[in-house]
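Yeah, the sequence shown ends on 171 if you go by the numbering used here, and it's all consecutive.
All C-beta atoms in this analysis are idealised placements derived from N, C-alpha and C, irrespective of residue type, glycine included.
None of the values given here were measured: they were computed from a predicted structure.
Data first, discussion second: the structure below is written as structure tokens.
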Amino acid sequence: MFGIGATEGVSGGTMIHLILRMVLRVLQFILSLVVVGIYGTELKVVHYSVRYEYAVVVAALSALTAVIFLIPKIKSFIFFIWDFILFILWVGVFGSMGKQFINPKDKKDAENTKMRNTVWLDAVLMVFWFTSCVAGALVFLKHRREVKAMNHANV
17 MFGIGATEGV SGGTMIHLIL RMVLRVLQFI LSLVVVGIYG TELKVVHYSV RYEYAVVVAA
77 LSALTAVIFL IPKIKSFIFF IWDFILFILW VGVFGSMGKQ FINPKDKKDA ENTKMRNTVW
137 LDAVLMVFWF TSCVAGALVF LKHRREVKAM NHANV
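So this is what it looks like as structure tokens:
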């Protein structure tokens with residue numbers, strides 16, 4: 017699903033795969049920046065809570081990764097483990113923020129619609145990073161099989 021070139025073969029997927037990969041990475045980038053903005057502005061309100069700092073760092077790492085992986089010449093499928101790590105980090109963000117805002121103990125947190133909606137944005141990003149991880153792993157395995165087949169054919 018997320019090949020690295022516009023031509024078929026060992027080095028990449030079809031044009032549709034490239035487009036799908038780019039759309040996913042652009043969405044990861046934009047939504048990560050939105051999360052950085054929302055949690056970043058909330059940091060002053062909550063007096064630099066570790067929970068918010070963690071969310072900002074994860075979102076910033078995600079935005080940076082998405083931008084780097086948008087470069088068509090980079091074989092981002094090789095780094096599917098990093099996508100998995102970001103998925104796990106987003107699980108942490110969703111869990112910690114979800115605990116505070118989805119089923120809050122504090123009535124003030126229950127009334128904070130902006131933060132409740134941001135938690136669902138965290139969940140979307142978590143799913144996007146899982147998707148890019150699985151897609152990258154599948155492309156990696158396909159690429160590896162093709163290389164082995166070419167090496168076997170050359171022998």
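Cβ separation of residue i and residue j, assumed to be a contact under 8 Å, to the nearest whole Å
i	j	result
residue 100	residue 149	4 Å
residue 141	residue 51	7 Å
residue 34	residue 88	7 Å
residue 49	residue 79	5 Å
Proximity below 9 Å, CB of residue i to CB of residue j
i	j	result
residue 71	residue 109	yes
residue 156	residue 93	yes
CA nearest to the CA of residue i, picked from the options
i	options	result
residue 128	58, 79, 37 and 147	58
residue 97	151, 39 and 47	151
residue 76	89, 54 and 64	54
residue 46	119, 67, 81 and 162	81
residue 105	143, 61, 123 and 132	143
Distance between residue j and residue i (C-alpha atoms, nearest Å)
i	j	result
residue 74	residue 91	22 Å
residue 25	residue 165	Here residue 25 scores only 41 on pLDDT, less than 50, and its place in the model should not be relied on; the value that follows carries that caveat. Roughly 12 Å between the two C-alpha positions.
residue 67	residue 56	11 Å
residue 132	residue 159	41 Å
residue 69	residue 61	12 Å
residue 147	residue 130	26 Å
Between the region 131-140 and the region 110-122, can you find at least three pairs of beta-carbon atoms closer than 8 Å? yes
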